[in-house]
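Remarks on the structure that follows.
Protein chains: 2
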Amino acid sequence: MKNLKLKDIASALNISIAAVSKSLKNYPDVSPKTRERVRAYAKSVNFSPNSQAAFLRTRETKLIGVIVSQLTHYFFSTILSTIIEEAEANGYLVIVLPSEESVEIEKKHIATLLQKHVDGIFLTLAKDTYDFEHLNQIVESGTSLILFDNISKVVPCSKVLIDDRQAAFMATEYLIKKGKKRIAHCRGPLIPQLSIDRFIGYKRALEKYHIEYDPELVFVCDKINEEEGYEAAQKIIDMPLEIDALFAASDLTAIGAMHCFQKNGFHVPKDIAIVGFSNWKVSSLTTPLLTTVDQPGDVIGKEVMALFLKEQAQKKAKETIEHQTVTVPTKLIERESS
Amino acid sequence: MKNLKLKDIASALNISIAAVSKSLKNYPDVSPKTRERVRAYAKSVNFSPNSQAAFLRTRETKLIGVIVSQLTHYFFSTILSTIIEEAEANGYLVIVLPSEESVEIEKKHIATLLQKHVDGIFLTLAKDTYDFEHLNQIVESGTSLILFDNISKVVPCSKVLIDDRQAAFMATEYLIKKGKKRIAHCRGPLIPQLSIDRFIGYKRALEKYHIEYDPELVFVCDKINEEEGYEAAQKIIDMPLEIDALFAASDLTAIGAMHCFQKNGFHVPKDIAIVGFSNWKVSSLTTPLLTTVDQPGDVIGKEVMALFLKEQAQKKAKETIEHQTVTVPTKLIERESS
DNA sequence: CTGAAAGCGCTTACAG
DNA sequence: CTGAAAGCGCTTACAG
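Laid out in structure tokens, this is it:
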């Protein structure tokens, strides 16, 4: 029962190879009787056509390439899980490639995927990606490109993202309403739109409630990891900056800062309230549990896949492809750190 | 410069398609001069042959399928990252499929991958996999199979694992040497070899130091997650079982138990020392930081890939394929919870 | 050393 | 409705 081909089915059923292929693909120009015979037999021997051979004619590999910046990040593995599941349900398989936050690796991966003739590429930008020539290349090649999470507005393709500005506004406003007056912010690196937007959201909330913006309270964390959070907290303590709250652009940074504050005798949340960003698994395992902004990876994954399928359908129907941008809602998860 | 084929190169250089193909593959029966011309030109136009078309002749897809039980688990995403990187360096791309700990999904994924004609399948068993017919199917199809982490001894294939028995012994012995007398154990489910082995390691350590084994102190955690750890701790407190240490078969379970103990006024490690298993990222983010057994995912990934490449070489040389089992060393990471 | 030719397994325009 | 045939892009045994 292994490595059957159309020819085997054809000779077993005493019909032509063409008839088998057409039956399997539900083409109209084949008698219902033949079609059913073929389909029944194919099913009984568990046959399905070799997709590599089919590619030579159809130009479809039924392969999707997904580039994430870090596989080990809970947020991305959640998105990936959903994409893979949805892809498989629709007959696609997913090739995964991590860019490790490097544009160079990102470029290399794209070249590799294009060469493998994947049907679509889903991608979240590396933090240091500032020019988008390699992305335009994807679009020009005719391969569907869907950007998610860390996106660029200037690339002509569909996108799935959260409203980072609004989410950060919400988190900061929440702290203000808790009575906090001096709120520090650990922001991400300077380039990505997403860390700019979170920073803007933070600033807007301060403005709205007439709290003076103090640039000294903003820390740029290039990797937004726990070490940088720890260091920022250390600086805050050393100055001393006398803050009563911290909004960090990532959960890891928030946790790193929390550790430092605790180690130095500050009580979280009584002395300093902390809010993170992403709702990674780890945020529900710390002491105290971390208040954070939930970014639903599963919803993002589903939306990405839905956009892709829509584009594929449009391609097949030879319609013009409409790019869409989907914004996924976030919510604040209140726990113990605030 | 896109979608070039052998023919384009051949006509540009005024030689035959065969000559081009042979030059690119460094075949001996082509003059060095021609070979160099072709290679230089191919490089200048960034050409590389279409792998789907090549498959039809070579039967190689340069695709590897990896099935892990849970993508969102730090340990697996670490292994995956390494495998993907090593694969790419060797011209392979990786299709990722999570089994979500279900044999049924595992079986379905294997069928899908076999049908896609991947060159190899790397797999860690779902927790409830007890028969291995579907794995033998892989072996019979001629596709290389490498088992890692949660393996089965009876499948004839190469394997990469840690010495779970020894690692658990080491963790338990460490607690005993710290003066602990009543050590509870949160074990994994009953079927997988790996959770059996960790349990045996725990028991052996008790035996060696003449501590009576008390079955009441062993809790079966089917999902070895934080909820089960919390529940086990709750039972320990309610009985009360009066333990002075806990060795859990996973970091999450250890953390769940730690939360419960803390919430009930026990001090970790003073009242109860806790040791986890895996050294997930999260174990260095809790309060207190978790002592645990490090399972090096990157080393495991590298070994898996090395075994695969070895088998591919043997296949090409038409040698008999030798299955190997590689055991990767673990170490105890002492932190604050013990 | 070179190239013409067969063939991998499929899809699809075409003739009947 | 049916099937013979071309062709997708490659590799490789074969003849020269």
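These protein sequence lines map, in sequence, to chains A and B. Residue 273 in our numbering sits at position 273 of the first sequence, with consecutive numbering throughout. Each position in the second sequence, counted from 1, maps to that position plus 1000 in our numbering. No residue lacks a Cβ here, since even glycine has one placed at the ideal position from N, Cα and C.
Got a sec? Which residues, its chain only, sit under 6 Å from residue i by beta carbon, not counting five neighbours each side?
i: A:A87; result: I64, V94
i: B:I1074; result: Strictly speaking, residue 1074 of chain B in this sequence is Tyr, with Ile absent from that position. Excluding sequence neighbours, B:Y1074 sits near W1280, K1281.
i: A:A167; result: V293, T330
i: B:S1337; result: V1268, P1269, I1274, P1288, L1290, T1291
i: B:I1146; result: F1122, S1158, V1304, L1307, F1308
i: A:I333; result: N279, T292, D294
i: A:P237; result: Reading the sequence as shown, one finds Ile at residue 237 of chain A and not Pro. So the list reads N264, once near-sequence residues are dropped.
i: A:V96; result: V66
Is there a Cβ from chain A that is less than 7 Å from the Cβ of residue i?
i: B:V1020; result: no
i: B:A1053; result: yes
i: B:V1282; result: yes
i: B:L1123; result: no
i: B:Y1373; result: Since the first and last residues shown for chain B are 1001 and 1338, residue 1373 of chain B lies out of range.
i: B:S1158; result: no
i: B:S1278; result: no
i: B:L1004; result: no
i: B:S1044; result: no
i: B:L1024; result: no
i: B:S1048; result: yes
i: B:M1001; result: Here the model assigns B:M1001 a pLDDT of 39, short of 50, so the residue's position is not dependable, and the following value carries that caveat. With 7 Å as the cut-off, B:M1001 does not count as an interface residue toward chain A.
i: B:L1013; result: no
i: B:L1056; result: yes
Does residue i have its Cβ less than 7 Å from a Cβ in chain B?
i: A:Y174; result: no
i: A:L145; result: no
i: A:S31; result: no
i: A:T330; result: no
i: A:L285; result: yes
i: A:L71; result: yes
Below 8 Å on the Cβ atoms is my guess for residue i versus residue j; work out the distance and round it to an integer in Å.
i: A:F247; j: A:I162; result: So it is not a contact: roughly 16 Å between Cβ atoms.
i: B:I1321; j: B:E1311; result: 5 Å
i: B:A1126; j: B:S1195; result: Actually they do not touch by this definition, with Cβ atoms about 13 Å apart.
i: A:H109; j: A:I176; result: Actually they are not in contact, since the Cβ atoms of A:H109 and A:I176 sit about 42 Å apart, beyond 8 Å.
i: B:T1061; j: B:V1118; result: 6 Å
i: A:T339; j: B:T1286; result: Since the first and last residues shown for chain A are 1 and 338, residue 339 of chain A lies out of range.
i: A:L190; j: A:V220; result: 7 Å
i: A:V38; j: A:L13; result: 6 Å
For residue i, which residues of its own chain have a beta-carbon under 7 Å away from its beta-carbon, when the five flanking residues on both sides are left out?
i: B:I1017; result: L1006, K1007, A1010
i: A:T129; result: V103, E106
i: A:H323; result: P156, C157, S158
i: A:M305; result: I83, E86, A87
i: A:N90; result: L309
i: A:A42; result: I9, L24
i: B:R1059; result: none
i: A:S21; result: L6
Leaving aside the five residues before and after residue i along the sequence, list all residues of the same chain whose C-beta is less than 8 Å from its C-beta, in chain order.
i: B:F1132; result: S1152, V1154, V1155
i: A:R165; result: D197, R198, I200, G201, R204
i: A:I272; result: I243, D244, A245, L246, F261, F266
i: A:N26; result: R35
i: B:S1069; result: F1076, P1098, S1099, E1100, E1101, T1124, L1125, A1126, K1127, N1150
i: A:E173; result: A205, K208, Y209
i: A:D251; result: G276, F277, S278, N279, W280, V282, S283, L290, T292
i: B:M1001; result: Only weak support exists for where B:M1001 lies, its pLDDT of 39 falling under 50; the value from the coordinates is given anyway. Cβ within range, chain order: V1045, N1046.
i: A:A54; result: E60
- request: Identify each residue in the stretch 93-115 of chain A for which the Cβ-Cβ distance to at least one residue of chain B is less than 9 Å, and report them in chain order.
  value: L93, V94, I95, V96, L97, P98, E100, K108, H109, A111, T112, L113, L114, Q115
contact_flag[the stretch 103-121 of chain A, the stretch 139-158 of chain A] where n(CB pairs < 8 Å) is 3 or more: yes
message: Check whether the stretch 1324-1331 of chain B and the stretch 1287-1307 of chain B touch, using three or more Cβ-Cβ pairs below 8 Å as the test.
response: yes
field: Contact set between the stretch 1256-1276 of chain B and chain A, restricted to residues whose Cβ is under 9 Å from the partner
entry: Answer set for the stretch 1256-1276 of chain B: G1256, M1258, H1259, Q1262.
query: Do the stretch 227-242 of chain A and the stretch 255-262 of chain A touch if we need at least three Cβ pairs shorter than 8 Å?
result: When C-beta atoms of the stretch 227-242 of chain A are compared with those of the stretch 255-262 of chain A, three or more pairs fall below 8 Å, so the two segments count as touching.
query: Does the stretch 1175-1189 of chain B come within contact of the stretch 1207-1214 of chain B, defined as at least 3 CB pairs closer than 8 Å?
result: yes
message: Pairs of beta-carbons, one from the stretch 264-280 of chain A and one from the stretch 29-48 of chain A, closer than 8 Å: are there three or more?
response: no
- request: Output, in sequence order along the chain, the residues in the stretch 1078-1090 of chain B whose CB is closer than 9 Å to any CB in chain A.
  value: Under the 9 Å Cβ criterion, the stretch 1078-1090 of chain B contributes T1078, L1080, S1081, I1084, E1085, E1088.
query: Residues in the stretch 1221-1232 of chain B with C-beta within 8 Å of chain A's C-beta atoms, listed in sequence order?
result: E1226
- prompt: What residues in the stretch 1232-1247 of chain B have a beta carbon less than 9 Å from any beta carbon of chain A?
  reply: none
- request: Pull out every residue of the stretch 1313-1325 of chain B whose Cβ sits closer than 8 Å to any Cβ of chain A, in chain order.
  value: none
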